[in-house]
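Residue numbers (my numbering), protein chains in the order written: chain A, 111 to 524; chain B, 111 to 524.
The beta carbon of each residue, even a glycine, is placed where N, CA and C say it ideally should be.
Report on one structure; see the data block that follows.
Put into structure tokens, the structure is as follows:
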């Protein structure tokens, strides 16, 4: 794809420009974009109307349609999001370490932009603004490839962004949109190793899987959350109830909500009736193993498949386990290595759970719903990594940087 | 491939065991392996003989044959290497940060093993020992897939390693060898996402390219070094001569040797005759642009291809550039982002070079030959990453770990 190669080359060139910008200059650019988005809100909303008309023809409804829809308030929110990002500390330039070697060489490691970032996402125009802001803040050029359903909105948004860039003397190719939304353009992006340093898929499980399996560009996998709460033998039952209800029902459609509950057999008789009554009252369907269905009459028998499932819905699978060990083994076998919590008053159990559960975020006595860049205090988030390379857990600005070694010598040779 | 899936499952299980081992226990295991390698050197050397006989039949010679060959001294060296690794600090368990959030949650980030590491390499039996030691030290299980030319040596070595593991109660599947050395087994490893957390190719450019292009498992790309020295207008000519000679000739076959020399036009008349005379005396072939061939009669005209080439040989391409800016642009265009050095007495030039050259290691007034885990003080090295995700530059033990968030609460919900 010639178009994409050309965009890649332009992006690489602009990335050198961005890499030389000071923090103040980058802040000013992001603020200018926010300003212009508000000023040109009408043009964006009318482009969005075209997308919405198409969506209607194609019978797109529900949350998909909701995410595609822009209005004045949503444009203001996008601009406000940018203003927040503009104010964050710039991670670029941080000297992480600097040591003098015996031969007098000073070897330092400094934080630098990654270069060119590709983002493949679905029909959410707000991701266009959001991703552009985070990439510019960290001195990275970005190539955006959104879903075809949002193409008119995206074209209008990127036009405004590029206008803002030009007005401050920044190459407009720092933020580019792939206007060809065919499957081929996505595949071509996954093979654009020469110009793309990393590729971040943002969206549903299908999209992420496709990118992970087909990309030769390094990918940051964000992801699915088959999260668990384990109520230990010594758990404070009130606290356990509060945490399980919160982790399951406060926002069931997100990745850090729990999908399964494990209960230590010694507290099953006391805890299960309490929690299930509360869950039932909140319209949560309960699927349980035999121990659960024996105690809870209205529980549906759980299948092997249930333990693997991320429902993203008001459904909870419950299993009674004879020991902490079994709980840890269950989580490490069925979980998606996202967020896991134990509710316990035992020091030994808390330490073992923290150390032996293999996940991006492991909690003691708190809801898994806190796995989030804002909740962790990063001030921004581009996703939650469930892979182990580069970034694991919520990714903020720092995760959009890499490092380089800088070495000060005075004539050293080997 | 059933064999590989089974190995993957076993490796995953052993990785949980390894993750629970203390630093002292891991140290003892590596020392036991070193001990047993020496004790069983004969069995390893006689297995190696079989590989050497095959190699002779297949007409394998030169450095390939040399790297394949084991003898008593080399086995002792491998054991000594392990002993060194055993003594290094264990990076696992380091708490990188720990902060209290306004809601009382304590959010910490701790260094943990990656899990299961796959290594695909060529006919170098020493990599088998080396990789096993580094992975065990960092609590990772490893699946090794070496070149078919070394299969008998590798089988013998891994047998000894597993014997040592068993003798200390560690699951022998912590270190496994893929005995099927067909192309299919390599391809299957590249798709083993369920069981492999990362894949590290170690070897020539062809091997690395194949793995990068075909692997859906995250890869750490190690690599090619098309490195440059730039002699600035204000360079100390003696220092420049010393550094260029060292970077080109001290060990021309390695990735951190330079392949191209850029000379500022204002010193070309003085510097080129000096350096070329010295290089000629060391049998270095010189390929130059027109400015160079005009001054140096015996220089061969360089082609566009030359600027892209990693010779790994006594050949140096030389170009005269009119400015620091042109030097930086040349390096960012043709270089492989490995190691780059400027020789200068100018503060401004040094700062611009450090900041604008896009490479894993950027030097002022020193030879590029220092880009190495040992020279940087890491005490070990599993390769030099030229990619930007996870690790960039020399990779030591720390780069074989990942992190997880650990969160201490007392009932927090959202």
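At least three beta-carbon pairs within less than 8 Å, the region 407 to 418 of chain B to the region 351 to 362 of chain B: No: the two stretches stay apart, fewer than three of their Cβ pairs being nearer than 8 Å.
Residues of its chain near residue 422 of chain A, where Cβ-Cβ distance is below 6 Å and the 5 sequence neighbours each way are ignored: Taking the first chain and counting its residues from 1, one reaches residue 422 of chain A at position 312. Result list for residue 422 of chain A: 363, in chain order.
8 Å Cβ shell around residue 298 of chain A - same chain, five flanking residues per side excluded: The residue you call residue 298 of chain A lines up with position 188 of the first chain. Excluding positions up to five away in sequence, the list reads 111, 114.
Backbone CA spacing between residue 348 of chain A and residue 365 of chain A [nearest angstrom]: Here residue 348 of chain A corresponds to residue number 238 of the first chain, with the count starting at 1. Here residue 365 of chain A corresponds to residue number 255 of the first chain, with the count starting at 1. Computed Cα separation, rounded: 25 Å.
Outcome for residue 458 of chain A when other beta-carbon atoms lying within 10 angstroms are tallied against a minimum of 16: The sequence position of residue 458 of chain A within the first chain is 348, counting from 1. The residue in question, residue 458 of chain A, is exposed, as its Cβ has fewer than 16 Cβ neighbours within 10 Å.
Span of the beta strand (DSSP E), counted from its first residue to its last, around residue 255 of chain A: Taking the first chain and counting its residues from 1, the one referred to as residue 255 of chain A is at position 145. First-last of the beta strand (DSSP E) with residue 255 of chain A: 251 to 255.
Three-state secondary structure assigned by DSSP to residue 287 of chain B: As a position in the second chain, residue 287 of chain B is number 177, starting the count at 1. Strand, per DSSP.
Contact the region 282 to 291 of chain B vs the region 255 to 272 of chain B: 3+ CB pairs below 8 Å: yes
Straight-line Cα distance separating residue 483 of chain B from residue 483 of chain A: Here residue 483 of chain A is taken as the residue at index 373 of the first chain, counted from 1. Here residue 483 of chain B is taken as the residue at index 373 of the second chain, counted from 1. Roughly 33 Å separates the two Cα atoms.
Assigned exposure category for residue 393 of chain A - 16 Cβ within 10 Å defines buried: For the purposes of this step, residue 393 of chain A is taken as the residue at position 283 of the first chain. Burial call: exposed.
CB contact flag (residue 346 of chain B, residue 428 of chain B, <9 Å): The count along the second chain starts at 1 and reaches residue 346 of chain B at position 236. The count along the second chain starts at 1 and reaches residue 428 of chain B at position 318. Not in contact: residue 346 of chain B and residue 428 of chain B (Cβ atoms no closer than 9 Å).
Within chain B, the residues that residue 473 of chain A reaches when beta carbons sit closer than 7 Å: In the first chain, counting from the first residue as 1, residue 473 of chain A sits at position 363. Chain B residues near residue 473 of chain A: 517, 519.
7 Å CB neighbourhood of residue 432 of chain A in its chain, flanking five on each side removed: As a first step, residue 432 of chain A must be located in the first chain, where it is residue number 322. Shown here for residue 432 of chain A: same chain residues with a beta carbon closer than 7 Å to its own, the five before and five after excluded, namely 375 in chain order.
Through-space distance from residue 306 of chain A to residue 283 of chain A, alpha-carbon basis: Numbered from its first residue, the first chain carries residue 283 of chain A at position 173. Numbered from its first residue, the first chain carries residue 306 of chain A at position 196. Near 14 Å, if we compare the C-alpha coordinates of residue 306 of chain A and residue 283 of chain A.
Identified DSSP bridge partners for residue 131 of chain B: Locating residue 131 of chain B in the second chain gives position 21, where the first residue counts as 1. Per DSSP, none; premise fails for residue 131 of chain B.
Pick from B:338, B:130, B:207, B:395 that is closest to residue 438 of chain A, judged by C-alpha positions: Reading the first chain from its first residue, position 328 is the one you call residue 438 of chain A. Of the listed residues, the one whose Cα sits closest to residue 438 of chain A is B:130.
Residues of its chain near residue 209 of chain B, where Cβ-Cβ distance is below 8 Å and the 5 sequence neighbours each way are ignored: Residue 209 of chain B sits at position 99 when you count from the first residue of the second chain. Contacts found: 216, 217, 218.
Any C-beta of chain A under 9 Å from that of residue 324 of chain B: Within the second chain, residue 324 of chain B is the residue found at index 214, counting from 1. Yes, contact with chain A.
Exposure label - residue 326 of chain A; buried when at least 16 CB within 10 Å: In the first chain, counting from the first residue as 1, residue 326 of chain A sits at position 216. When all chains shown are included, residue 326 of chain A counts as buried.
Min CB distance residue 126 of chain B to chain A below 9 Å: Indexing the second chain from 1 puts residue 126 of chain B at position 16. Yes, because at least one Cβ of chain A sits closer than 9 Å to the Cβ of residue 126 of chain B.
CA-to-CA distance, residue 472 of chain B to residue 512 of chain A, given in whole angstroms: On the first chain, position 402 is the one that residue 512 of chain A refers to. On the second chain, position 362 is the one that residue 472 of chain B refers to. Here the alpha carbon of residue 512 of chain A sits roughly 14 Å from the alpha carbon of residue 472 of chain B.
8 Å contact criterion, which residue 214 of chain B and residue 475 of chain A should meet: CB distance rounded: Here residue 214 of chain B refers to the residue found at position 104 when the second chain is read from its first residue. Here residue 475 of chain A refers to the residue found at position 365 when the first chain is read from its first residue. With 8 Å as the limit, residue 214 of chain B and residue 475 of chain A do not qualify as a contact, their Cβ atoms being about 11 Å apart.
Same chain, Cβ closer than 7 Å to residue 240 of chain A, neighbours up to 5 away in sequence not counted: Here residue 240 of chain A corresponds to residue number 130 of the first chain, with the count starting at 1. These residues qualify, in order along the chain: 191.
Residue 339 of chain B - partner residues in DSSP beta bridges: By 1-based counting over the second chain, the position of residue 339 of chain B is 229. Looking at the DSSP assignment, residue 339 of chain B forms a beta bridge with B:371, B:451.
Per-residue contacts from residue 512 of chain A into chain B (C-beta, under 8 Å): Position 402 of the first chain holds residue 512 of chain A. By Cβ distance, chain B contributes 498, 499, 502.
Cβ shell of residue 516 of chain A (< 7 Å), same chain only, five flanking positions each side left out: The residue given as residue 516 of chain A occupies position 406 in the first chain. These residues qualify, in order along the chain: 218, 220.
C-beta atoms of residue 369 of chain B and residue 335 of chain B nearer than 9 Å: Mapped onto the second chain, residue 369 of chain B falls at position 259. Mapped onto the second chain, residue 335 of chain B falls at position 225. Yes, these two residues count as a Cβ contact at 9 Å.
Candidates A:126, A:116, A:121, of which the one nearest residue 467 of chain B by Cα: For the purposes of this step, residue 467 of chain B is identified with residue 357 of the second chain, where counting begins at 1. It is A:126.
Residue closest to residue 182 of chain A, alpha-carbon to alpha-carbon, out of A:164, A:155, A:162: To locate residue 182 of chain A, count along the first chain from 1; it is residue 72. Comparing Cα-Cα distances from residue 182 of chain A to each of A:164, A:155, A:162, the minimum goes to A:155.
C-beta neighbour in chain A for residue 352 of chain B, strict 9 Å: Within the second chain, numbered from 1, the residue matching residue 352 of chain B stands at position 242. Residue 352 of chain B counts as touching chain A.
Spatial neighbours of residue 205 of chain A in its chain, beta-carbon cut-off 6 Å, leaving aside the 5 residues before and after: As a working mapping, residue 205 of chain A is identified with position 95 in the first chain. Same-chain partners within the cutoff: 218, 220.
Proximal chain A residues relative to residue 224 of chain B, where beta-carbon distance stays under 7 Å: Counting from one through the second chain, the residue named residue 224 of chain B turns up at place 114. Neighbours of residue 224 of chain B on chain A, chain order: 498.
Nearest candidate by alpha-carbon position, reference residue 352 of chain A, set A:134, A:485, A:140, A:479: On the first chain, position 242 is the one that residue 352 of chain A refers to. Of the candidates A:134, A:485, A:140, A:479, A:479 places its Cα closest to the Cα of residue 352 of chain A.
Residue 466 of chain B: contacting residues in chain D (beta-carbon distance under 8 Å): Checking the listed chains, one finds no chain D in this structure; the protein chains it contains are A and B.
Option nearest residue 236 of chain B by Cα separation, candidates B:460, B:178, B:212: If you number the second chain from 1, residue 236 of chain B lands on position 126. Residue 236 of chain B has its Cα closest to that of B:178, out of B:460, B:178, B:212.
Residue from A:145, A:378, A:308 whose Cα sits closest to the Cα of residue 275 of chain A: Your numbering for residue 275 of chain A matches position 165 in the first chain. Answer by Cα proximity: A:145.
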